[in-house]
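In this note's numbering, the protein residues as written are 347 to 571. The C-beta atom is built at its ideal place from N, Cα and C for all residues, glycine as well. Inspection log for the structure reproduced underneath, given as structure tokens.
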Amino acid sequence: MEQVVAQIYSLIQSGDWPVGTRIPPEPELVNQLGVSRNTVREAVRALVHTGMLETRQGDGTYVCSSSELGAALQRRFQRSALTETLEVRSALEQDAARLAALRRTPEDVEAMKTWLTASEVADNAQTYIEADVQLHMSIVKAAHNSILLELYEHMTESIQQSIGETVDKVVFSAASKRLALHKKIHRELIDAIVAGRPEEAILAVRAHIEAAQQAFEDQERGDAK
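Structure representation (structure tokens):
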């Protein structure tokens, strides 16, 4: 059974089964892995227990996280207030932006500009969220710190689930002024990194997180009325 768990774990970590994917049904896994149904069931149950997989009644089993650490962080974020999530995100992204401004390569710049453009032309909430997440990931990659990148990659799953569907959608669906503000801040952030101005990059991250916090607070006040 442990070998099958390792095989499934490898499929998830390699990206063959990315987060959000419904894994093949049991008969297919039996054929693919060359083991019995009971072994497949036990392996899937073990990974459900870690939080990497989730079984949805009548719908199959889905990949929830690419690692046990990511799953643990996801569970922790689900128990946390949004303010705490934003504070953690702010701390990591400020330092990532500072390092990116000092270490970015031409390839990093190209990636950041690509995702910046994608976020600016997004015409629906889901596309905007995906581009926004990838934009911030490209900044972290440009910091060229492997530990920071690995931690952020694990956190991204939690961040996207916990605030992507709330704050970013609020921003996207709100008045055009709010969306324009977020796009302006993103542009200033990338411009500062590309120009090698770490302090300006830090300020842009702070402005971005503060705008996200304000958007959520405005929504909360509206819901309370």
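Handout entry: Beta-carbon proximity list for I462, same chain, < 8 Å, skipping 5 on both sides
Key = It should be pointed out that residue 462 corresponds to Leu in this sequence rather than to Ile. If we look at L462 and ignore the five residues flanking it on each side, its Cβ neighbours are L481, H532, R533 and I536.
Practice task
Report all residues from its chain with a CB closer than 6 Å to the CB of S360; omit the five preceding and five following residues, and keep chain order.
Solution key: For S360, where only same-chain residues beyond five positions count, there are no Cβ hits under 6 Å.
Problem - Simplified DSSP assignment, three categories, for V467 - result: Reduced to three states, the DSSP call for V467 is helix.
Problem - V486 and Y498 closer than 7 Å at C-beta - result: Yes; because the gap between Cβ atoms is below 7 Å, this pair is in contact.
Exercise for the section: Can you say whether D454 is buried or exposed, counting buried as having 16 or more other CB atoms within 10 angstroms of its CB? Expected result: Counting Cβ neighbours within 10 Å, D454 comes out buried, since at least 16 surround it.
Problem - Pairwise C-alpha distance: A464 and L415 - result: Cα atoms of L415 and A464: separation of roughly 29 Å, rounded to the nearest angstrom.
Problem - Nearest neighbour of M398, chosen from K530, A561 and H500 [CA to CA] - result: Ranking K530, A561 and H500 by Cα distance to M398 puts H500 first.
Exercise for the section: Can you tell me which of P452, L432, L357 and R422 puts its alpha carbon nearest to the alpha carbon of S412? Expected result: Looking only at P452, L432, L357 and R422, the smallest Cα-Cα distance to S412 is reached by L357.
Exercise for the section: Would you kindly check if the distance between the Cβ of S426 and the Cβ of M458 is under 7 Å? Expected result: It is not a contact, given that the beta carbons lie outside the stated cut-off.
Practice task
Hey, could you find the ends of the alpha helix (DSSP H) V390 is sitting in?
Solution key: Here the alpha helix (DSSP H) through V390 covers R383 to T396.
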